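K.L.:
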Amino acid sequence: MVKKGLSLLSGGLEETSNAFFESTNPANLKDIVGVFGEAGPSQVEKACSRAKEAFKKWRKTPAPVRASIIQNFGRLIEKNKEALSQIVTREMGKPIKEARGDVQEAIDTCNFFVSEGRRLYGMTVPSEMPNKELYTYRRPIGVFACITAGNFPVAVPSWYFVPALIAGNTCVWKPSQDSPLTSYYFAQLLYKAGLPDGIFNVVFGKGRTTGEALIDAVNKGLVDKFGFTGSTSVGMKIGEVCGRNLQVPCLELGGKNPLVVMEDADLELASTGALWAGFGTAGQRCTSLGNLILHQSIREKFIKLLLEKVSKMKIGDPTKEDIAYGPMISEKFMKDHLNNIETLLEGHHKLLTEPNGRITGSKKWRGFVGDPDAGVFCFPTIVDNVQPKDKIYSTETFGPLFNIMTCKNIDEAIKLANDTGYGLSSAIYTNTPQYVYQWKEEISAGMTSINNSTTGAEAHLPFGGNGKSGNGSRQSGVWVIDQFTKWQAVNWDLSGKLQLAQIDTHYATPDLNYTIG
Ligand code: UN1
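So the sequence shown is numbered by the working numbering: it starts at 252 and just counts up by one.
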C-alpha cells in the first residue's frame, strides 16, 4: 500500500513530508482513499535534478527500446484495467463505465505510440551542391514538467507522458490533488514496465504549493518544457513564465463548448448527444457542453425531448453501471458549481430544471441511487434564455450546467458558437451538407463534431484548442510529437573543400530572349 505522506516518487526513491493532504471518495466523504504528503520546493528541485541526470542516458537509449517499455506499460494497464478503473471511480467519482473509458484511452495511446519508437522520422534532404548531404533529426527536448487535472486522471497523463518518454524526454509530474492514488499506480505501472529510475518523477501536492514550486522551477532553469491541463487563468500564468524563458508550453485549458441543433436535425439523436455532452462526468470535462444553440423552429420540441430525457436520468453511486453521472470531483468542485449558480444567473434567465444546487436526503433527485448525503452530488441545471452579453455565456462552469440560446439561421449559430473567446470543442447536428461545410470552415474551435457530442475525442486525433482554450498546441496522434522534440538540421559536406551555399552553386541560366511564335 502507499506510504502515508508520500510526496516524491522517483523509481527507487520515495520521500515523505510532514504536510499532508487527503484524497477522499467524493461519493462517500468518509472513505479516505489515501493520505499523501505535499512536495515542497526542495523536493520539486530534487525531482527536476533527477530528471536532468536521467536525461543524459535516456536520450541515448534507442527509441525502439524506449518504446518497448511503453508497450509493456500498455499491457500492464490492460491487465490492471478493472482495478485501475475502480480506483479512478473511487477517487474522483466518474461512473465506472467512463472510468474504464479513461483507462482504455491510455491503452489506446500506448498502442498508437509504440510503433512511433520505430519511426520518429526525420528526412534526408537534397543539397544544392554535390558531395553534400542534408538531414533532419528529431531530438528530445529535455526535462518535461507537467501538471494535470483530476477529471481524466489516466487518459490525459498518458497523452503527455507516452509520447514524451518515447521521444527521449524525462519527466516531472504534479498530478491533481484529487487523484493522487490513481497517479501513484500510473507511475508504478511505468516502473514495473521496466522504466529505469529517475526518468519519471512524481511530486504529489496541491496547486498552490507543489504546483507553484514546479512553475518556479522553469525560472530556475530546471525545466525545458512545460505541459498543463487545467484552468485558463493558471495556463496564462504558465504561459507567461515559459514565455519569459523562451519556452513554448503545451497548454490545454478551459472551454465553453457550443452544440448547435439546426432545423433539419435528427432531434432524437441530438437530444441524446446534448445530454451526454452536458451531464457526462457531471459536466466536468474540458469538452463538456457550455452553450446549447437551438434553431428557433425546433426549439420547443427539442426542449421537451431533452427534459424528458433529463427526468429519466439516474444520478448517484458511480460504481453502478447505469448512472448518468456521479458526484462532483471534490467538495471544491461542488462549491464552485454552487457559486456559479449563485453569481452567474440573472433575472431574465429561466431555469428549466428544479431544484438546483446540491442533492441531499431532504432535497433528493427522483432517480437517485445511493445516499446523497454521503457525498457531493449536484442537480442537473439548464439555463434558458441566455444572451451573448450575459456573463454565463462566456464563463466556463465545469459542472452539470449548460445554457440554452436560440438562433435564426446558420450564420447566427456560428457567431454564437464562436464569440465566447474559447475554442476547444464544438458540435453541430444537421443533415444539410451546406451547413456542415460552412460550419467546418468557420468554427473557431480546435475540434468539432458533426452529428456527435462535444466530448469523446479519440486517442489519435489532435486534441487542443484556440483562444482562451490554449496556445494552439495539440496533443495526441502524430501531431503531438512536435511538442516533445526539437528539429535539428544537419549538413555534411564530403567534398573536401569549402562549398558556399547560394554562391558556389551551378544553376542553369535560361535564354530569356526566347519567345514562342
Ligand atoms: C478533458 O476533458 O480534459 O474528448 C479530456 C473527451 C475525452 C477527453 C477529454 N476523450 O471528452
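Beta carbons: idealized from backbone N, C-alpha and C, even for Gly. All of these numbers come straight from a predicted model, not from anything done at the bench.
Is there at least one non-hydrogen atom of the ligand UN1 closer than 7 Å to the beta-carbon of V407?
P.N.:
Yes, since a heavy atom of the ligand UN1 falls inside the 7 Å radius drawn around the Cβ of V407.
K.L.:
Spatial neighbours of A740 within its chain, please: C-beta separation below 6 Å, excluding the five flanking residues on both sides.
P.N.:
Once the five neighbours on either side are set aside, the close Cβ partners of A740 are T387.
K.L.:
Who are F451's beta bridge partners in DSSP?
P.N.:
DSSP lists C422 as partners of F451.
K.L.:
Hey, could you find the ends of the alpha helix (DSSP H) N669 is sitting in?
P.N.:
It spans I661 to N669 - the alpha helix (DSSP H) in which N669 sits, taken as one unbroken run.
K.L.:
From the DSSP output, in three-state form, read off Q498 for me.
P.N.:
Residue state, collapsed to three classes: coil.
K.L.:
Here's the rule I'm using: 16 or more other beta-carbon atoms within 10 Å means buried, otherwise exposed. How should K345 be labelled?
P.N.:
Counting Cβ neighbours within 10 Å, K345 comes out buried, since at least 16 surround it.
K.L.:
Would you list the one or two residues that DSSP bridges to T267?
P.N.:
T267 is bridged to L257.
K.L.:
Report the rounded CA-to-CA distance for S724 versus P500, giving the unit in angstroms.
P.N.:
Roughly 8 Å between the two C-alpha positions.
K.L.:
Throw me the rounded Cβ distance for the D624 and G608 pair, which I believe falls under 8 Å.
P.N.:
Not a contact, Cβ separation roughly 14 Å.
K.L.:
Count the C-beta pairs between the segment 633-651 and the segment 677-697 that are closer than 8 Å, then say yes if the count reaches three, no if not.
P.N.:
Contact fails: fewer than three Cβ-Cβ distances are below 8 Å.
K.L.:
Give the DSSP-derived three-state secondary structure of S323 in the structure shown.
P.N.:
Residue 323 is actually Asn in this sequence, not Ser. Three-state DSSP puts N323 in a helix.
K.L.:
Compute the minimum distance between the beta carbon of N402 and the heavy atoms of the ligand UN1, and state whether it is under 7 Å.
P.N.:
The answer is yes for N402.
K.L.:
Throw me the rounded Cβ distance for the N331 and L440 pair, which I believe falls under 8 Å.
P.N.:
Yes, they are in contact, since the Cβ atoms of N331 and L440 sit about 7 Å apart, within 8 Å.
K.L.:
Pick out the complete beta strand (DSSP E) segments inside the segment 336-398, 3 residues or longer, and give them in chain order.
P.N.:
You should have 383-391 and 394-398.
K.L.:
What does the Cβ neighbour count give for G263, buried or exposed, with the cut at 16 atoms within 10 Å?
P.N.:
So G263 counts as exposed.
K.L.:
Looking at G285: is its Cβ nearer than 8 Å to the Cβ of S274?
P.N.:
In contact: G285 and S274 (Cβ atoms closer than 8 Å).
K.L.:
Would you kindly report the start and end of the unbroken beta strand (DSSP E) that includes D744?
P.N.:
Taken as a continuous stretch (DSSP letters only), the beta strand (DSSP E) holding D744 covers T736 to D744.
K.L.:
Under 8 Å, with one C-beta from each stretch per pair, do the segment 748-765 and the segment 398-411 reach the 3-pair mark?
P.N.:
Too few Cβ pairs lie closer than 8 Å, so no.
K.L.:
Is it right to say E367 is buried, meaning 16 or more other beta carbons lie within 10 angstroms of its own, or is it exposed?
P.N.:
Result: buried.
K.L.:
For S562 and R495, what's the separation of their Cα atoms in angstroms?
P.N.:
Spanning the two alpha carbons is a distance of roughly 51 Å.
K.L.:
Within a Cβ cutoff of 7 Å, which residues of the same chain sit near H599, ignoring the five residues on either side of it in sequence?
P.N.:
Result list for H599: N636, in chain order.
K.L.:
Can you tell which of G672, G697 and Q734 has its C-alpha closest to the C-alpha of K719?
P.N.:
Among G672, G697 and Q734, the Cα nearest to that of K719 is on G672.
K.L.:
Secondary structure at Q689, three-state DSSP: helix, strand or coil?
P.N.:
In the structure shown, Q689 sits in a helix (DSSP, three-state: H, G or I).
K.L.:
Where are the beta strand (DSSP E) runs, 3 residues long or more, that stay fully inside the segment 465-548, in chain order?
P.N.:
The qualifying runs are 476-480, 501-503, 508-512 and 540-546.
K.L.:
G529: beta carbon under 7 Å from a heavy atom of the ligand UN1?
P.N.:
No - the ligand UN1 has no heavy atom lying nearer than 7 Å to the Cβ of G529.
K.L.:
Give the single residue among G567, G531 and P651 whose Cα lies nearest to the Cα of N590.
P.N.:
Answer by Cα proximity: P651.
K.L.:
For E503, is the classification buried or exposed, using 16 other Cβ atoms within 10 angstroms of its Cβ as the cut-off for buried?
P.N.:
That one is buried.
K.L.:
How long is the line joining the alpha carbons of K583 and F271, rounded to whole angstroms?
P.N.:
Their backbone Cα atoms lie some 17 Å apart in a straight line.
K.L.:
Going by DSSP, name the residue or residues bridged to Q726.
P.N.:
According to DSSP, which records beta bridges pairwise, Q726 is partnered with F714.
K.L.:
In angstroms, rounded to a whole number, what distance separates the CA positions of S539 and I338?
P.N.:
Cα-Cα distance, rounded: 23 Å.
K.L.:
Taking the CB atoms as reference points, tell me whether G505 and A533 lie closer together than 8 Å.
P.N.:
Against a cut-off of 8 Å, the Cβ pair of A533 and G505 comes out as no contact.
K.L.:
For I701, count neighbouring Cβ atoms within 10 angstroms of its own Cβ and tell me buried if that reaches 16, exposed if not.
P.N.:
So I701 counts as exposed.
K.L.:
Using only CA atoms, which one of A575, P684 and K255 lies nearest to G618?
P.N.:
For the residues A575, P684 and K255, the minimum Cα distance to G618 belongs to A575.
K.L.:
Looking at C-alpha atoms only, which residue of G419, P408 and K457 is the closest neighbour of Y436?
P.N.:
The residue with the shortest Cα to Cα distance from Y436 is P408.
K.L.:
Can you tell me whether Q734 is buried or exposed, with buried defined as 16 or more other CB within 10 angstroms of its CB?
P.N.:
With 16 or more other Cβ atoms within 10 Å, it is buried.
K.L.:
Considering just the uninterrupted stretch of the alpha helix (DSSP H) at V407, what are its terminal residues?
P.N.:
Where V407 is concerned, the enclosing alpha helix (DSSP H) stretches over A406 to I417.
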